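Read the structure below first, then the notes.
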Amino acid sequence: MTSFCHVSTNPFDDDKLREECGVFGVFGAHTAAAHTALGLHALQHRGQEAAGIVTVDNGQFHAHRALGLVGDAFASNEVMQGLVGDIAIGHVRYSTSGDTILRNVQPLFAEFAFGGVGIAHNGNLTNAYTLKKVLIERGAIFQSTSDTEVIFHLMALGAGKTLEQRLVDALNQVEGAYSLVVLGSDRVIGVRDPAGVRPLVLGKLGDAYLLASETCAFDIIGAQYVRDVAAGEMVSIDANGIHSSFPFDKSPSRFCIFEYIYFARPDSLFEDKSVYAVRKNIGKQLARESHVDADVIVPVPDSGVTGALGYAEQSGITFELGIIRNHYVGRTFIEPTDHIRHLGVKLKHNTNKAYIKDKRVILVDDSIVRGTTSVKIVDMVRQAGAKEVHMRIASPPTTHSCFYGVDTPSRDKLMAAQHSIAEMAKLIGVDSLAFISLDGLYQALGETKRNKEMPQYCDACFTGEYPLPLTDHNSTTLPKNKKNVLKELMRAR
Ligand code: AMP
6 MTSFCHVSTN
16 PFDDDKLREE
26 CGVFGVFGAH
36 TAAAHTALGL
46 HALQHRGQEA
56 AGIVTVDNGQ
66 FHAHRALGLV
76 GDAFASNEVM
86 QGLVGDIAIG
96 HVRYSTSGDT
106 ILRNVQPLFA
116 EFAFGGVGIA
126 HNGNLTNAYT
136 LKKVLIERGA
146 IFQSTSDTEV
156 IFHLMALGAG
166 KTLEQRLVDA
176 LNQVEGAYSL
186 VVLGSDRVIG
196 VRDPAGVRPL
206 VLGKLGDAYL
216 LASETCAFDI
226 IGAQYVRDVA
236 AGEMVSIDAN
246 GIHSSFPFDK
256 SPSRFCIFEY
266 IYFARPDSLF
276 EDKSVYAVRK
286 NIGKQLARES
296 HVDADVIVPV
306 PDSGVTGALG
316 YAEQSGITFE
326 LGIIRNHYVG
336 RTFIEPTDHI
346 RHLGVKLKHN
356 TNKAYIKDKR
366 VILVDDSIVR
376 GTTSVKIVDM
386 VRQAGAKEVH
396 MRIASPPTTH
406 SCFYGVDTPS
416 RDKLMAAQHS
426 IAEMAKLIGV
436 DSLAFISLDG
446 LYQALGETKR
456 NKEMPQYCDA
466 CFTGEYPLPL
476 TDHNSTTLPK
486 NKKNVLKELM
496 RAR
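Everything in the sequence shown is counted per my numbering, starting at 6 for the first residue and increasing by one.
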């Protein structure tokens, strides 16, 4: 670290938002930990700050958690050899702050009266603070600031004899989004919240069953994608095979639409749909909705590439990699002064000038959140001599924060929440700016349009229509400073 840098513990300090987490589970594979490490490596895009694996062998649990990338965390033979057993779960995540960091790294593990349990969570519980307050009043001692730990305390106090019963009892008290992979002494359980906001897929490798956030984690080990775990479904996998149940009150499925737009790897499938194909469809739809005469389509790498391919295919305009991204720039960890933030983005991107100079350029990106990326990229493209710069965005304007597992800034920092599209175009410095329409987005997903009464996906970041209660956020009894604690809780997962 250079001397002018200041180590920052604020997750909003770099110029990108954090992604959510990735989970993986395996039952019945020799060297389950190695399978898990590979699966987590494929899920690395979902969280780069920390990784963990817990295995079980003859009732004995083994765990390793570390900060950093999967490849570094599980590089040592000694670590891998210590993770014995045919059953394992794993997690990749982003971090919270300072010293508390390792305590929050998942999978979390606890010993209960009915045995040891590991848990890996993707999502965010929206009543975690409210529950935590009650639990602390009842004597619970929390070891982490993670909302996931609330589930453990509810399980400890809950009703039921089996792990499944305790888990369901606990989950009946939580609100929000969760895709969990749970490890017991002789089983792995996968469970999705009743709305199925976050993904979870089921796979098979020989006789072994696998669970993962995305199918790309199966491909890496040559496993087959069997199906998605359904919204509200619990699958319990043990020596007798797989048992599926729907233990919660039924509720409409509301899968996160942003998984298709940005989060997931393009080689993953959800609901049998290819993320890559959906992104190309979005690009095509965008071209139909907001055509502009231009000489070249340039994606903002990497997130804009697939949409730009679709845009180019539909419009017939040449596609060029007019911006090149340096993949070896990690997090900047730099104080967010304007000057340094600009420097950070320039470290990541450079223009391929010959393909931009004197051209009418259409830039395609997946989303505008705070607008930081767009401002820098457009400036760079203008400096490279573009004649005109038009921006096309493969999602509707992001006007609302996510409370279901995506670490978005508050509304006052979301450019589209504060400005009209015309104002945004001015601020970003483009000749024109257009976003895909909400119905157009649904069409790209194979729907005829968005069902206004019961939207097929969670699209709260674009509409403000939150499908699950925001108990903590809306709590009027929550003192102002406690809202920070809540924010911390939300980040901690
Ligand atoms: P911003 O610079 O704040 O407008 O962020 C927009 C850029 O961040 C786009 O290029 C997206 O690819 C990317 N992005 C959008 N949402 C997220 C997220 N939740 N985590 C990480 N990056 C994101």
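For every residue, glycine included, the Cβ atom is placed at its ideal position computed from N, Cα and C.
On a predicted model such as this, the values are computed, not experimentally measured, just so you know.
Residue i: first and last residue of the uninterrupted alpha helix (DSSP H) it sits in
| i | result |
| --- | --- |
| THR356 | No alpha helix (DSSP H) holds THR356; the beta strand (DSSP E) holding it covers 354-356. |
| GLN388 | 377-388 |
| TYR134 | 133-142 |
| PHE157 | 153-162 |
| HIS40 | 37-47 |
| GLU470 | Premise fails: GLU470 is in no alpha helix (DSSP H) and is neither H nor E. |
| ASN82 | 82-87 |
| LYS431 | 426-433 |
| ALA421 | 420-423 |
Which residues DSSP lists as bridging residue i, in chain order
| i | result |
| --- | --- |
| ALA439 | ARG397 |
| GLU116 | GLY121 |
| CYS463 | CYS261 |
| PRO304 | VAL369 |
| SER279 | LEU274 |
| HIS96 | VAL28, GLY57 |
| ARG192 | GLY189 |
| ARG455 | The partner list for ARG455 (beta bridge, DSSP) is empty, contrary to what the question assumes. |
| SER256 | Beta-bridge pairing links SER256 to no other residue. |
| ARG197 | SER184 |
| SER241 | ILE194, HIS248 |
Other residues of its chain near residue i: CB distance less than 8 Å, five sequence neighbours each side excluded
| i | result |
| --- | --- |
| LYS278 | TYR265, LEU450, GLY451 |
| LYS289 | GLY315, TYR316, GLU318, GLN319, ALA449 |
| ASN479 | none |
| GLU180 | LEU130, THR131, ASN132, LEU473, PRO474, THR476 |
| SER406 | THR413, PRO414, SER415, ARG416, LEU419, CYS466 |
Own chain residues within Cβ distance below 7 Å of residue i, not counting five before or after
| i | result |
| --- | --- |
| VAL435 | VAL383, VAL394, HIS395, MET396 |
| ASN127 | GLU25, CYS26, GLY27, VAL28, SER184, ARG203, SER218, GLY410 |
| ASP62 | VAL89, GLY90 |
| LEU45 | GLY27, PHE29, ALA56, VAL75, GLY95, VAL97 |
| HIS158 | LEU140, ALA145 |
| PHE223 | GLY208, LEU215, ALA217, GLN229, TYR230 |
| GLY189 | GLY120, VAL122, LEU168 |
For residue i, the three-state DSSP class (helix, strand or coil)
| i | result |
| --- | --- |
| ALA71 | strand |
| CYS221 | helix |
| ASN331 | coil |
| ASP298 | coil |
| PHE29 | strand |
| GLY246 | strand |
| GLY128 | strand |
| SER102 | Residue placement at SER102 is flagged as unreliable, the pLDDT there being 38, under the threshold of 50; the coordinate-derived value follows with that caveat. In this structure, SER102 counts as coil in the three-state DSSP scheme. |
| GLY76 | helix |
| ALA145 | coil |
| THR323 | strand |
| GLN170 | helix |
| ALA236 | coil |
| ASP62 | strand |
| ALA391 | coil |
| ARG203 | coil |
| TYR214 | strand |
| PHE408 | coil |
| VAL374 | coil |
| GLN111 | coil |
| LYS364 | coil |
| ASP91 | coil |
| GLY309 | coil |
| LEU291 | helix |
| LEU450 | coil |
| SER266 | A quick correction: the sequence has Ile, not Ser, at residue 266. In the structure shown, ILE266 sits in a helix (DSSP, three-state: H, G or I). |
Residue range of the unbroken beta strand (DSSP E) whose run includes residue i
| i | result |
| --- | --- |
| LYS209 | 206-210 |
| LEU185 | 181-189 |
| PRO477 | Checking the sequence shown, residue 477 turns out to be Asp, not Pro. Premise fails: ASP477 lies in the alpha helix (DSSP H), 476-479, not in any beta strand (DSSP E). |
| VAL231 | 229-233 |
Same chain, Cβ closer than 6 Å to residue i, neighbours up to 5 away in sequence not counted
| i | result |
| --- | --- |
| PRO402 | ALA421, PHE440 |
| ILE57 | Before going further, note that residue 57 is Gly rather than Ile in the sequence given. For GLY57, where only same-chain residues beyond five positions count, the Cβ hits under 6 Å are ARG70, HIS96, VAL110, GLN111, PRO112. |
| VAL186 | VAL28, GLY30, ILE94, ALA125, GLY195, LEU216 |
| SER379 | ILE373, ILE433 |
| ARG365 | ALA299, ASP300, LYS392, GLU393 |
| THR220 | VAL206, TYR230, SER273, LEU274 |
| ILE302 | ALA313, TYR316, ALA317, ILE322, PHE324, ILE367 |
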